[in-house]
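Notes follow the structure.
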Amino acid sequence: MNRIDRLVALIILLQTKKLIRGREIAGYFKISLRTVYRDINAICEAGVPVAAEAGEGYSIMEGYHLPPIMFTTDEAAALFTGAMFSEYFTDESIKKHGISAITKIKSVLPGHTKNYLEKLQESMIMFSKPSRQDGFSKEVLAVIQDAIVNHFVLKIHYYAAWSNSWTERKIEPLGMAYYLNNWHIIAWCRLRGAIRDFRADRLKKINKSTEKFTPRDNSFIKEYTSTLEKTDTFQKVTIKVSHYVALSLKERLFSGFEENVSDDKVILTFWSPALDWLVPLLFSYGRDIEIISPYELKELMAKKAVEIASHYKNMSSLKGNT
Numbered sequence: 001m002n003r004i005d006r007l008v009a010l011i012i013l014l015q016t017k018k019l020i021r022g023r024e025i026a027g028y029f030k031i032s033l034r035t036v037y038r039d040i041n042a043i044c045e046a047g048v049p050v051a052a053e054a055g056e057g058y059s060i061m062e063g064y065h066l067p068p069i070m071f072t073t074d075e076a077a078a079l080f081t082g083a084m085f086s087e088y089f090t091d092e093s094i095k096k097h098g099i100s101a102i103t104k105i106k107s108v109l110p111g112h113t114k115n116y117l118e119k120l121q122e123s124m125i126m127f128s129k130p131s132r133q134d135g136f137s138k139e140v141l142a143v144i145q146d147a148i149v150n151h152f153v154l155k156i157h158y159y160a161a162w163s164n165s166w167t168e169r170k171i172e173p174l175g176m177a178y179y180l181n182n183w184h185i186i187a188w189c190r191l192r193g194a195i196r197d198f199r200a201d202r203l204k205k206i207n208k209s210t211e212k213f214t215p216r217d218n219s220f221i222k223e224y225t226s227t228l229e230k231t232d233t234f235q236k237v238t239i240k241v242s243h244y245v246a247l248s249l250k251e252r253l254f255s256g257f258e259e260n261v262s263d264d265k266v267i268l269t270f271w272s273p274a275l276d277w278l279v280p281l282l283f284s285y286g287r288d289i290e291i292i293s294p295y296e297l298k299e300l301m302a303k304k305a306v307e308i309a310s311h312y313k314n315m316s317s318l319k320g321n322t
């Protein structure tokens, strides 16, 4: 990037945030702090009203805007691709605004770029099998986002997979993450008095209250998401089950699924954060489940079976002695 392009990009960057530190600018453009200072001086001399707050960073005067920006073909294609993902991996509350935004962007693009996007649209296909929970609202993501930013307490009616029951809770939403084919709300749960991870597709009801909560240190969000990036924290599990059991497990298990139909059975492959957690759940289905992998899970299930058999054998012996 030449200096002229970088100076224009710097003005755009300053307009995206209320306050931005010099080190953040240096990291964004991969330049030194000395170069940041020179660039700031250059745009100030050109008449751009930039204010510097000692120890805080730089800000641009409110109300100052560059003339309308023309997108390159690559930038327009990137935005269009992002809008496609938004259409398939968000709900109606986000989707409709994404479609509106991309329509506005298209309206200011030159003819050759519009033609490029039309051809791109014709050649890109996405398929998604949305997860579903009975009663799940189709417009929750925008409500959650607003509550996170403005610190509103949320009242939710949530399906707890581990107990196979619905619970009513008040939560303080702190962040969101998309992993294992679902949106997750990272929040302080007042019922449990701890940080909890709530799958958005397990929300039956959600209401934003007028009550506000005190913002918490969000450093844990980075720590939490960093653990999600480590694939070794999840283990791949493959099982063979009946169609009925497959439907039941999909509602109760934590992760996303891949599936193949074999004869009258369904082979499910999914990721689990812990094998120990799976054992009591899978054991409840008895002989209707065949574990294909991992071998460690087979051993845990066998150990559980021995423990239960021993327990009832001892009870039978005690009854015989009375």
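Per the numbering used here, the very first residue in the sequence shown carries number 1; after that it's consecutive.
Glycine included, each C-beta is placed from N, C-alpha and C at the ideal position.
- Residues 279, 280 and 283 of the same chain have their beta carbon placed closer than 8 Å to that of residue 304, with the five preceding and five following residues left out of the count.
- According to the DSSP assignment, residue 175 belongs to the beta strand (DSSP E) that extends over 165-179.
- Taking C-beta atoms as the reference points, residue 306 and residue 266 fail to come closer than 7 Å.
- When beta bridges are read from the DSSP output, residue 189 appears opposite 171 and 194.
- Here residue 209 carries a strand assignment [DSSP, helix/strand/coil].
- Listed in chain order, the non-local C-beta contacts of residue 289 below 8 Å within the same chain comprise 239, 240, 241, 245 and 282, local neighbours out to five positions each way being set aside.
- When DSSP states are grouped into helix, strand and coil, residue 43 belongs to the helix group.
- Around the beta carbon of residue 277, fewer than 16 other beta carbons sit within 10 angstroms, so the residue counts as exposed.
- Residue 48 and residue 38 have their C-alpha atoms roughly 14 Å apart.
- When DSSP states are grouped into helix, strand and coil, residue 285 belongs to the coil group.
- The continuous alpha helix (DSSP H) containing residue 85 extends over residues 73-89.
- Per DSSP, residue 159 is one residue of the beta strand (DSSP E) stretching across 152-160.
- Residue nearest to residue 122 within the set 4, 201, 84 and 311 is 84 (criterion: CA-CA distance).
- Cα atoms of residue 160 and residue 40: separation of roughly 52 Å, rounded to the nearest angstrom.
- Distance from residue 184 to residue 200 at the Cβ level is roughly 7 Å; contact confirmed, criterion being Cβ atoms closer than 8 Å.
- Across the set 250, 285, 287 and 300, the C-alpha of 300 shows the shortest separation from the C-alpha of residue 274.
- In this structure, residue 153 sits near residue 172, with a CB-CB distance shorter than 7 Å.
- In the DSSP secondary-structure assignment, residue 182 is bridged to 179.
- Looking at the backbone, the Cα of residue 51 and that of residue 248 are separated by about 59 Å.
- Contact between residue 109 and residue 71 is confirmed by a C-beta separation of about 7 Å, below the 8 Å threshold.
- As the crow flies, the alpha-carbon of residue 62 is around 26 Å from that of residue 107.
- Comparing C-alpha distances from residue 20 to each of 43, 29 and 56 shows the shortest one belongs to 56.
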